[in-house]
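The numbering of the first sequence is the working numbering, which starts it at 5 and goes up by one.
Beta carbons are placed, not taken as given, at the ideal position from N, Cα and C, and that holds for glycine.
Keep in mind it's a predicted model, so treat the numbers as computed, not measured.
Accompanying notes for the structure given below.
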Amino acid sequence: MLRLKEEICKVLAEQLPLSREQVEPLLETPPEPEMGEIAFPCFALAREFKKNPKDIAAELAKDISGRSEKYWARVENRGPYLNFFVNYSKLGREVMEELVSGSYLTKWCSRGSNQVVVIDYSAPNIAKPFGIGHLRSTVIGNSLYRIYRAMGYKPVGINHLGDWGTQFGKLIAAYSRWGDKKALEQDPVNYLYGLYVDFHREADGDEHLEQEGREWFRKLEEGNEDAVKLWDAFCDFSLEEFKKIYHMLDIEFDHYLGESFYNEQLDRVVEYAWQKGIAKESEGAIVVDLEKYGLPPCILKKKDGATLYITRDLAAAIYRYQEFEFSQMLYVVGAEQTLHFQQLFKVLELMGFAWAENCVHVPFGLIRFKDGKMSTREGNIILLKEVIDKAISLAFQTIQGKNPDLKDKEKVAEAVGIGAIKFGDLYHDRIKDVEFEWDRVLDFSGETAPYVQYAHARLCSILRRARDLNGSRVCSIDISEAAMLLEKEEEKTLVKHLALFADTVIKAQKNQKPSILARYLVDVSREFNRFYHSCSVLGEEGNLKEARLRLLEAARPVLREGLQMLGIKAPEEM
RNA sequence: GCGCCCGUAGCUCAGUGGAUAGAGCAACGGACUUCUAAUCCGUAGGCCGGAGGUUCGAAUCCUCCCGGGCGCGCCA
């Protein structure tokens, strides 16, 4: 629909004392399809012209109704609104042509022009199990990665592993007290997790144990051999396990660069802050005072000389800019860290890095239980692996019941089960907290990935049968002729929805919200399903049948590539 | 105590300051000899947390209050 909008902006800008850029944000979508595709409300002009908005709409309509532009068929004034009706067959023809030939996204969405965008996402903690809580960053980040890539950006995905910090001191302390090498090797991550939980239980009220943990971390930072050896082993075990999960989720990273990677650079960062005159000593620690900006001070170094998370984040940001010269960097990290990122970006700015303004925190809400927060420390957590296994096995059962002859049942069950989990996280506005409920995760009806996948599979099934009947070709009709034949309400509505694909992808990227795309795909699927129920394709004869096949050929890439941008597979049968 | 986020149908949520507030789930009633019923059609369901304000116009912007969540120098 971008083409129609562009045209309207151009014409209205000629008629009014407004630029195209001023007209664009005023345009809206009318509430009913009978009111056209794009509306221009005239209220805003009423004051300036000292006229009734209704009259303005009427005059504008009169002035431009004579014009026959490429993409609109007619203009109507309805009350204070100017309603534009799309030249449906023209739009339909072009959209279908572009979609079928594969040129659509390149033509309308390539806005990235190879700019580098660093995306920091997932970042699970070493020595802790991959819980459902880590899914959000992973899935949202990966989807943004795919959306940016589809739009011609050069995304760089970085997994900022939590492989450093005082928790390793605690873990080493726990291991050296109660450690069991055999148990560790048997089921490393769960065992380490158990130790971590034990530590916190024991440390509650035992200041000595806490002290021991801090002491071990200090040793680790100093390069103590025993400490480093254990830490190294913990990292290897965890990473191996994480990679299995990423493989299942069909998620990859360009770089695994954990917090420890920046250890050598920390002194320089602190030194640089001194040089710039923004660091000072306070109660034995080195801090950057941010009171002027309404933020709490940023601690670069603790009084015992150990570094902090934010020091490593500063080093990481600087390193990434040197390495990638990004035009934008996204941190897909929970909303509870908003303050941390405000401090981080402010300190970078005070250090004199102009690119600090291109750093963006992409926050999301927490996953919680009905009765409270999930806490790794308390062992109150749901394992992602468990969720994945349940979803896949439910998908498999469903296939056994509905389509037992399907080939590659395991693969399809995986695509559907994992798709459902990912989609559940992507469908809602990321800022909202979500309550974890098994029933919801395992629901495959309504606004879910299986709904969209099912629409896609049915669509593919028709195209496949058509190909079998016609030999290698699906259909032979010319697309411009096809577009003219698609006159039923359900057909037209579907075409118009397809035309919104580019608008949607761009909006999702601008807002860093995959949910916008996910919702759109459900809309398209719903329109496809309505079409499916009211229009027979293979049962039809002649040109109409051919035209409908063309429509399906155009709809297929929207669903397939849309799902792909969410990181969800689109099986051809299910 | 201070700061940030959220509050829309029974539940989960959409809704760039604009026309009659929309989906899904759950409930109820329909549609499989016909391209896959993981679907579709219909019914019912609302003081958009509350009160003020700004505006021609507010679910949307501002202020206050209520409810929930999160954070607030030596965790990440």
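Look up residue i in the DSSP assignment and say whether it is helix, strand or coil.
i: residue 27; result: helix
i: residue 282; result: coil
i: residue 158; result: strand
i: residue 124; result: strand
i: residue 503; result: coil
i: residue 533; result: helix
i: residue 45; result: strand
i: residue 217; result: helix
i: residue 385; result: coil
i: residue 439; result: strand
i: residue 452; result: coil
i: residue 477; result: coil
i: residue 540; result: coil
i: residue 21; result: coil
i: residue 392; result: helix
i: residue 485; result: helix
i: residue 518; result: helix
i: residue 60; result: helix
i: residue 252; result: helix
i: residue 117; result: coil
i: residue 572; result: coil
i: residue 50; result: helix
Residue i lies in the beta strand (DSSP E); which residues open and close that run?
i: residue 80; result: 76-82
i: residue 87; result: 85-90
i: residue 289; result: 289-292
i: residue 373; result: 371-373
Which residues share a DSSP beta bridge with residue i?
i: residue 163; result: 260
i: residue 201; result: Note: residue 201 sits in no beta bridge, so no partner.
i: residue 365; result: 335
i: residue 32; result: 43
i: residue 135; result: 387
i: residue 129; result: 166
Residue range of the alpha helix (DSSP H) that residue i falls in?
i: residue 305; result: Run containing residue 305: none in the alpha helix (DSSP H); it sits in the beta strand (DSSP E), 302-305.
i: residue 445; result: 442-445
i: residue 351; result: 342-354
i: residue 326; result: 313-328
i: residue 112; result: 108-113
i: residue 360; result: Where residue 360 is concerned, there is no enclosing alpha helix (DSSP H), given that its DSSP letter is neither H nor E.
i: residue 546; result: 546-569
i: residue 424; result: 413-430
i: residue 491; result: Unbroken run through residue 491: none, as it is neither H nor E.
i: residue 269; result: Per DSSP, residue 269 belongs to no alpha helix (DSSP H) and is neither H nor E.
i: residue 187; result: 185-190
Shortest alpha-carbon distance to residue i belongs to which of the options?
i: residue 486; options: 556, 518 and 352; result: 556
i: residue 190; options: 298, 470, 245 and 512; result: 245
i: residue 123; options: 107, 443, 544 and 145; result: 145
i: residue 9; options: 25, 19, 410 and 274; result: 25
i: residue 257; options: 181, 163, 494 and 294; result: 163
i: residue 93; options: 304, 489, 525 and 401; result: 489
i: residue 242; options: 571, 67 and 128; result: 128
i: residue 250; options: 389, 522, 65 and 501; result: 389
i: residue 283; options: 355, 21 and 484; result: 355
i: residue 118; options: 160, 552, 273 and 18; result: 160
i: residue 59; options: 41, 86 and 39; result: 86
i: residue 278; options: 461, 351 and 165; result: 351
i: residue 323; options: 539, 541, 269 and 135; result: 269
i: residue 261; options: 321, 481 and 48; result: 321
i: residue 42; options: 49, 34 and 211; result: 34
i: residue 367; options: 110, 27, 67 and 140; result: 140
i: residue 44; options: 432, 53 and 27; result: 27
i: residue 151; options: 82, 518, 493 and 408; result: 518
i: residue 239; options: 187, 211 and 172; result: 172
i: residue 89; options: 48, 38, 106 and 64; result: 38
i: residue 181; options: 442, 169 and 202; result: 202
Can you determine whether any heavy atom of the ligand COA sits closer than 7 Å to the C-beta of residue i, and answer yes or no?
i: residue 409; result: Ligands displayed in this structure: none; no statement on the ligand COA is therefore possible.
My understanding is that residue i touches residue j, with C-beta atoms under 8 Å, so please give their C-beta distance in whole angstroms.
i: residue 425; j: residue 445; result: 6 Å
i: residue 371; j: residue 137; result: 5 Å
i: residue 120; j: residue 349; result: With a Cβ gap of about 18 Å, residue 120 and residue 349 do not count as contacting.
i: residue 453; j: residue 572; result: 5 Å
i: residue 116; j: residue 156; result: 4 Å
i: residue 216; j: residue 177; result: 4 Å
i: residue 11; j: residue 74; result: 6 Å
i: residue 417; j: residue 440; result: Their Cβ separation, rounded to whole angstroms, is 22 Å, which puts residue 417 and residue 440 out of contact at 8 Å.
i: residue 540; j: residue 563; result: 20 Å between Cβ atoms; not a contact.
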